[in-house]
Amino acid sequence: MQPFMLLQQLLCGVLVILVLLMHQMPCAAAPPGLTNPQELEAFLDRFFTARMPRLHIPSAAFVLVKDGKTFFSKNYGYADLEKKILVDPETLFGVGSVTKLLTATAVMQLVEQGKLSLNQDVNKYLQQVQVDKNYPTPVTVADLLTHTSGFDEHFIGTGAKTAAQVMPLKDYVAKQMPARVIPPKQVICYSNYGMVLAGYLVELVSGVPFTQYVDENIFQPLGMAHSSFMEYDQNLM
5 MQPFMLLQQL
15 LCGVLVILVL
25 LMHQMPCAAA
35 PPGLTNPQEL
45 EAFLDRFFTA
55 RMPRLHIPSA
65 AFVLVKDGKT
75 FFSKNYGYAD
85 LEKKILVDPE
95 TLFGVGSVTK
105 LLTATAVMQL
115 VEQGKLSLNQ
125 DVNKYLQQVQ
135 VDKNYPTPVT
145 VADLLTHTSG
155 FDEHFIGTGA
165 KTAAQVMPLK
175 DYVAKQMPAR
185 VIPPKQVICY
195 SNYGMVLAGY
205 LVELVSGVPF
215 TQYVDENIFQ
225 PLGMAHSSFM
235 EYDQNLM
């Protein structure tokens with residue numbers, strides 16, 4: 005099983021239990037919610053201690069925000085296994101496919117501004133590369149966001165070991181474009197490439213690098229000063 009799938013299982017388990025904890029109540033009573041951080045900590049300690057070794061997850065960080073304030077936070081495991089460096093509040097974590105929500109938000113901001121159209125053929129926006137036209141129905145911006153573009157999905161050769169090896173969006177879009185194997189809008193097929201292409205459209209239409217656009221239009225307005233799409237070298241993490 006892929007590591008990111010194991011992490012998803014771990015996170016889903018935590019969320020399910022938290023929902024149950026926050027809503028345990030008699031039928032006629034109002035939901036009390038969590039009131040005791042120590043009770044939550046005891047549960048989380050048991051949960052992470054049992055599952056992290058079994059799922060081969062070296063590190064985790066948990067934060068629960070309640071009523072706009074940090075109710076509880078705790079770190080587990082090592083940021084660096086070999087050097088035995090513990091996770092701390094400054095440890096950087098990659099959030100994986102949660103980034104797709106931010107990409108979609110950026111796209112929809114530009115849709116609201118009239119700079120992108122959800123029903124437009126993506127080839128109308130692309131410059132140096134074009135999506136294959138092997139099906140009469142074009143791939144639209146909406147198809148990218150809903151995972152109905154019909155792109156094949158592949159992983160081999162798409163990763164990078166260091167920040168220096170991460171390709172610019174325009175190069176990745178051109179070199180890693182998968183085949184169109186299904187006409188658009190017929191099947192929901194999870195597509196990492198489709199969301200990368202959506203991010204590239206943001207870059208083209210806005211006129212600024214994608215990372216800069218998200219920083220200025222999403223992270224900064226939300227006060228997320230420690231979040232970024234920028235790649236950091238492992239030595240700096």
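If you count by this note's numbering, then the sequence shown holds residues 5 to 241, one letter each, in order. Backbone N, C-alpha and C define an ideal beta-carbon position, used for all residues, glycine too.
If I'm right that residue i touches residue j with Cβ under 8 Å, what's the distance once you round it to whole angstroms?
| i | j | result |
| --- | --- | --- |
| H151 | G198 | 6 Å |
| A146 | N123 | 6 Å |
| N196 | A110 | With a Cβ gap of about 16 Å, N196 and A110 do not count as contacting. |
| A178 | V170 | That belief does not hold up - the Cβ atoms of A178 and V170 are roughly 15 Å apart, past 8 Å. |
| F76 | P41 | 5 Å |
| P188 | T141 | 5 Å |
| L208 | Y129 | 6 Å |
With DSSP run on the structure shown, which of helix, strand or coil describes residue i?
| i | result |
| --- | --- |
| I222 | helix |
| D92 | coil |
| A229 | coil |
| S63 | strand |
| F159 | coil |
| K179 | helix |
| S210 | helix |
| A164 | coil |
| L48 | helix |
| M171 | coil |
| E1 | Here the chain comprises residues numbered 5 to 241, so residue 1 is not present and cannot be evaluated. |
| T149 | In the sequence as presented, Thr is not what sits at residue 149; that position holds Leu. Three-state result, L149: helix. |
Figure out for me which residue from the options has the closest Cα to the Cα of residue i.
| i | options | result |
| --- | --- | --- |
| P213 | K78, F233, P225, Q113 | F233 |
| Q132 | F47, L205, K87, N79 | L205 |
| F51 | T39, N79, P182 | N79 |
| Y139 | L149, Q216, L130, G154 | G154 |
| L226 | L106, K87, K88, V67 | L106 |
| T166 | E235, D219, A183, H158 | E235 |
| Y194 | D219, L148, A54, P187 | L148 |
| K70 | L44, Y176, Y217 | L44 |
| Y217 | V191, F159, A108, I186 | A108 |
| L85 | T103, M112, V102, P57 | P57 |
| L114 | L38, L173, A202 | A202 |
| T103 | H158, P172, V200 | V200 |
| A64 | P172, Q117, T53 | T53 |
| F66 | H60, F47, L59 | F47 |
| I61 | M228, T144, V91, D136 | V91 |
May I ask you to list the residues that DSSP assigns as paired with residue i?
| i | result |
| --- | --- |
| L68 | F76 |
| D84 | I89 |
| R184 | F155 |
(message) Extract the residue ranges of the alpha helix (DSSP H) inside the region 92–143, only unbroken runs of 4 or more that lie entirely within it.
(response) 103–116
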